[in-house]
Amino acid sequence: MTHTALSANPALRRSGFFLFLLLLTAANLRTPITAVGPVLENIRLTFGLSASAAGVINFLPLLMFATLAPPAAWFGNRFGLERSLWGALLLITLGSILRISGSEYALWAGTIILSSGIAAANVLLPPLIKRDFTEHTARYVGLYAMTMAITASIASGVVVPLAELSSAGWRLSLAVWLVPAIVALLAWLPYLKKPASQAKNSANSTSTRSPWRAALGWQVSLFMACQSLVFYTLIGWFTPFAQDSGISQLEAGGMLFVYQIVAIVSNLACMSALKKMRDQRAIGFLASLSIFVAVAGLLIAPNYALLWLILAGLGAGASMVICLSLFNLRTHDHLQASKLSGMAQCVGYGLAALGPLCFGLLHDVSGNWQWPLVLLLVIAALQMVVATLAGRARVI
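The numbering of the sequence shown is the working numbering, which starts it at 386 and goes up by one.
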């Protein structure tokens, strides 16, 4: 079968293999980042980095997600979603190779390049789902989010044992995640030739209203920002908070693992619930309320931290699926969905990158955890408001 015939065949696009390909792509959108955390100290010692410089390695991906989200949407609409996604996977692959190649400069350059690829793919997958799986958007967005969460958890869990297998250490443990990237890169090749008719449709889209000029666009974007900020802040700061509350580092790590597992289960449950709803106001509010109660619990009764993290995981998993679904549910077509995805991820990850930083600064200034948690509580309250507004059944 020729590339053109393959690309033009709607049934083939909706085949099980194409869905598998989307999920394989999703599997590459968190593992290159989450695999770094457990071996960050090894990387720091290898290059003699300061603690603050090592911290920038974790900050850079979020910065790239925010900065490159709008350009990624433009590239997707200009050159086609398949070609742009393939380019994103190429960046992830090349950046991953460069990151482990030797020098400190290669470490930084590789991190920037692979993060750029992930930033682009983050934006491009939701509109691709809207275009080819219109009637099952919530289901496939849920599968995409669940795939990211599961593979991220696996990467975090196995990276240290892999690093201990040989003298290559952390380089070996990061190199392993090149395999799914290369497989995805090759598997996308038959889909790269886009028919002229599809290109023409892309150029003549009628959904011209920019989400940047629409109140609904900002409501979806702020929902994305709030849930991302709380998630990354809890991931980054829960362990120090827990240790100051009398919980051991080992116990805190176990609680964070439970938090992520609960979020995965919540992904599945929310995916099923969304299909039965006329709008997303109630489920968005309840997911946000769960996060609000969890943060309030950490503030008032930190000894029950595991309970609060379970609640937070329920809210976080549902919120992520709802946000990703709204990119498609609040737009006319996949071209406008691409623009909203770019805007929401620019605003969302931009503020999410500031969250852990502000949380830490507030802790340093106040000398306690109360005021940082109050800040997080305010963000969770704001999320309840914007989730309810964004959940109304409208389009931009």
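We put the CB at the ideal spot given by N, CA and C, even for glycine.
- Taking a cut-off of 8 Å on C-beta distances, the stretch 608 to 616 touches the stretch 728 to 736, as three or more cross pairs fall below it.
- Secondary structure of PHE518 (DSSP, three-state): coil.
- The beta-carbon separation of SER613 and MET769, rounded to 15 Å, does not stay under the 8 Å limit for a contact.
- For ALA457, the enclosing alpha helix (DSSP H) stretches over residues 436 to 464.
- DSSP, read as helix, strand or coil, puts ASN413 in coil.
- Distances from the CA of GLN604 to each of ALA775, ALA679, VAL424 were compared; the closest alpha carbon is that of ALA775.
- Taking ALA540 as the centre and dropping the five residues before and after it, the same chain places the C-beta of THR416, THR419, ALA420 closer than 6 Å to its C-beta, in chain order.
- If the five residues before and after ILE428 are omitted, its C-beta is found closer than 8 Å to the C-beta atoms of VAL421, LEU434, ALA439, ILE442, LEU492, TRP555, all from its own chain and listed in chain order.
- The Cβ atoms of SER558 and GLN645 do not sit closer than 8 Å to each other.
- The residues SER675, ILE676, VAL678, ALA679, GLY682, in chain order, have a CB closer than 8 Å to that of LEU696 in the same chain once the five nearest residues on each side in sequence are set aside.
- If you ignore the 5 residues before and after LEU513, its C-beta comes within less than 6 Å of the C-beta of LEU466, all in its own chain and listed in chain order.
- Annotated three-state conformation of LEU550 is coil, per DSSP.
- Ranked by how close their Cα comes to the Cα of ASP664, the residues CYS708, GLY487, ALA686, LYS724 have CYS708 in first place.
- Per DSSP, reduced to three states, the secondary structure at ILE485 is coil, with no helix or strand assignment.
- Looking only at VAL750, TYR576, THR452, VAL561, the smallest Cα-Cα distance to VAL545 is reached by VAL561.
- One alpha carbon belongs to ARG598, the other to GLY700, and they sit about 29 Å apart.
- Annotation: the continuous alpha helix (DSSP H) that includes PRO741 extends over 719 to 751.
- Counted as a single uninterrupted DSSP element, the alpha helix (DSSP H) harbouring LEU767 occupies residues 755 to 775.
- In the DSSP annotation of this structure, the continuous segment of the alpha helix (DSSP H) that includes GLN628 starts and ends at 600 to 629.
- Exposure of TYR490 is indicated by the presence of fewer than 16 other C-beta atoms within 10 angstroms of its C-beta.
- GLY669 and HIS717 have their C-alpha atoms roughly 21 Å apart.
- Between the stretch 464 to 484 and the stretch 756 to 767, the count of C-beta pairs closer than 8 Å stays below three; the two stretches do not touch.
- Residue ASN413 holds the alpha-carbon nearest to the alpha-carbon of LEU563 among ASN413, VAL643, ALA454.
- Assignment of GLY401 by DSSP, reduced to helix, strand and coil, places it in the helix class.
- In this structure, LEU691 lies away from MET656, with their beta-carbon atoms at least 8 Å apart.
- A check of alpha carbon separations from GLU520 across GLY472, LEU711, LYS660, ASN652 identifies LYS660 as the nearest.
- Under the three-state reduction of DSSP output, THR431 falls in the helix class.
- Per DSSP, reduced to three states, the secondary structure at MET662 is coil, with no helix or strand assignment.
- Looking at ARG594, LEU725, LEU550, THR410, the one whose alpha-carbon comes closest to that of TRP471 is THR410.
- Assigned with DSSP and collapsed to three states, SER595 falls in coil, not helix or strand.
- Just so you know, the alpha carbons of THR532 and LEU746 end up roughly 33 Å apart.
- In the structure shown, the three-state DSSP call for TRP555 is helix.
- Annotation: LEU619 to PRO446 spans about 17 Å, alpha carbon to alpha carbon.
- Annotation: the continuous alpha helix (DSSP H) that includes VAL568 extends over 563 to 572.
- Rounded to the nearest angstrom, the Cβ distance from TYR617 to PRO511 is 20 Å, too far for a contact under 8 Å.
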